[in-house]
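Q: Sharing a structure here in structure tokens format.
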Amino acid sequence: MSQGYENFNNTETSFRKSTLIQERIGLVSTHMYKQFLDYQHATMNTTEIFSEMVDNLKVISDSLKQSFASRGITTENIYVEHDKDKTVVIIHILWHVISLTSRCNFEPQALYREGASPMFSGRIMAINGDYNELLEGKKSRNEIMEVLLDKEVASLYVPADKSQNSIFKIRHLANREFFLNSTDASREFVLKIIETVCGGGLYHEEGSRKSFNI
Numbered sequence: 212m213s214q215g216y217e218n219f220n221n222t223e224t225s226f227r228k229s230t231l232i233q234e235r236i237g238l239v240s241t242h243m244y245k246q247f248l249d250y251q252h253a254t255m256n257t258t259e260i261f262s263e264m265v266d267n268l269k270v271i272s273d274s275l276k277q278s279f280a281s282r283g284i285t286t287e288n289i290y291v292e293h294d295k296d297k298t299v300v301i302i303h304i305l306w307h308v309i310s311l312t313s314r315c316n317f318e319p320q321a322l323y324r325e326g327a328s329p330m331f332s333g334r335i336m337a338i339n340g341d342y343n344e345l346l347e348g349k350k351s352r353n354e355i356m357e358v359l360l361d362k363e364v365a366s367l368y369v370p371a372d373k374s375q376n377s378i379f380k381i382r383h384l385a386n387r388e389f390f391l392n393s394t395d396a397s398r399e400f401v402l403k404i405i406e407t408v409c410g411g412g413l414y415h416e417e418g419s420r421k422s423f424n425i
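The opening residue of the sequence shown carries number 212 in the numbering used here; numbering runs sequentially from there.
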């Protein structure tokens, strides 16, 4: 008889454990599902904005060609190239080469914001240099991100909600956030990147001196 009670107690204990597991796993799966949906929407918005950036860079390239041609400067080294999926675009402006990429969105990620809630978003990175040359031979995520972060000029963080502003962060102003609405984000981001890179210059190398802004 006592053995019957023990079996009953064991069954009840197992049921409670199973219920507890289901409840806690349910909370985890709900949380991850919300992140997954945000990731999907942010990815779609990021893809759309990146495609617009490619178009804007082509317009900018044409404008630069006209401007330099009118000054008697050859424009052979002013052009835009991109991959067929539009995840990498490279603009050549005389001696400057700037790359933009969305190949840094490996999983759902949020932008840390001091004093505000994290914002789940897609990311578009602008880097100094030719993406294909810099990433040649790099296969792992860690290798890729190490190069991108080292050469980063700025990043645009694109939210899942289109009505919410994208956040623009410049590397040398890491603690400052600039807000861009979905209509202006693609144009303003590429213009600011070109102004930042081409508005400065390069020193002759002497120890740690490499570049300056004017």
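No residue lacks a Cβ here, since even glycine has one placed at the ideal position from N, Cα and C.
Between Ser374 and Arg334, how many whole angstroms is the CB-CB distance? I'm expecting something under 8 Å.
A: Going by Cβ atoms, the distance from Ser374 to Arg334 rounds to 19 Å, so no, they are not a contact pair.
Q: Could you check the C-alpha separation between Ile236 and Leu248 for me, to the nearest Å?
A: One C-alpha to the other measures close to 18 Å.
Q: Between which two residues does the alpha helix (DSSP H) harbouring Tyr342 extend?
A: 342-345 is the extent of the alpha helix (DSSP H) around Tyr342.
Q: Can you check whether the CB of Ser272 is closer than 8 Å to the CB of Ile289?
A: Yes; because the gap between Cβ atoms is below 8 Å, this pair is in contact.
Q: Specify the secondary structure class of Glu357 as computed by DSSP and reduced to three states.
A: Helix.
Q: With distances taken from CA atoms, which of Lys403, Ile378, Asn339 is nearest Arg324?
A: The candidate whose alpha carbon is nearest that of Arg324 is Ile378.
Q: Using a 10 Å radius around the Cβ and a threshold of 16 neighbouring Cβ atoms, would you call Leu275 buried or exposed?
A: Counting Cβ neighbours within 10 Å, Leu275 comes out buried, since at least 16 surround it.
Q: Return yes when the Cβ of Lys297 is within less than 8 Å of the Cβ of Val265, no when it is not.
A: A contact, by the Cβ cut-off of 8 Å.
Q: Just verifying my parser: in three-state terms, what is the DSSP assignment at Phe389?
A: In the structure shown, Phe389 sits in a strand (DSSP, three-state: E or B).
Q: Tell me which residue opens and which closes the beta strand (DSSP E) that Lys373 is part of.
A: Taken as a continuous stretch (DSSP letters only), Lys373 belongs to no beta strand (DSSP E), as it is neither H nor E.
Q: Within the stretch 286-313, note down every full alpha helix (DSSP H) run reaching 4 residues or more, in order along the chain.
A: Whole alpha helix (DSSP H) segments, 4+ residues: zero.
Q: Compute the beta-carbon to beta-carbon distance between Leu322 and Ser332, rounded to the nearest angstrom, for a pair I have assumed lies under 8 Å.
A: Contact flag correct, Cβ pair sits at about 5 Å.
Q: In the structure shown, what three-state DSSP assignment does Glu318 receive?
A: In the structure shown, Glu318 sits in coil (DSSP, three-state: anything other than H, G, I, E or B).
Q: Quick one: any contact between the stretch 340-348 and the stretch 297-307, if contact means 3 or more CB pairs under 8 Å?
A: Result yes; three or more Cβ-Cβ pairs closer than 8 Å.
Q: Give the secondary structure of Tyr250 by DSSP, where H, G and I count as helix, E and B as strand, and everything else as coil.
A: In this structure, Tyr250 counts as helix in the three-state DSSP scheme.
Q: Is Asn376 near Asn392, with beta carbons less than 8 Å apart?
A: For Asn376 and Asn392, yes; Cβs fall inside 8 Å.
Q: Less than 8 Å between the C-beta atoms of Val401 and Leu231, yes or no?
A: In this structure, Leu231 does not lie closer than 8 Å to Val401 by Cβ.
Q: Terminal residues of the continuous beta strand (DSSP E) containing Arg282?
A: Element bounds for Arg282: n/a, residue is neither H nor E.
Q: If we ignore side chains and look at the alpha-carbon of each, how far apart do Asn256 and Arg282 end up?
A: One C-alpha to the other measures close to 39 Å.
Q: Would you please state the rounded distance, in angstroms, between the beta carbons of Glu263 and Ser397? I believe it to be under 8 Å.
A: Sure, about 4 Å apart at Cβ, within 8 Å.
Q: Quick one: residues in its chain with C-beta nearer than 8 Å to the C-beta of Asp341, no 5 flanking neighbours on either side, listed in chain order?
A: Answer for Asp341: Ile301, Val308, Ser310, listed in chain order.
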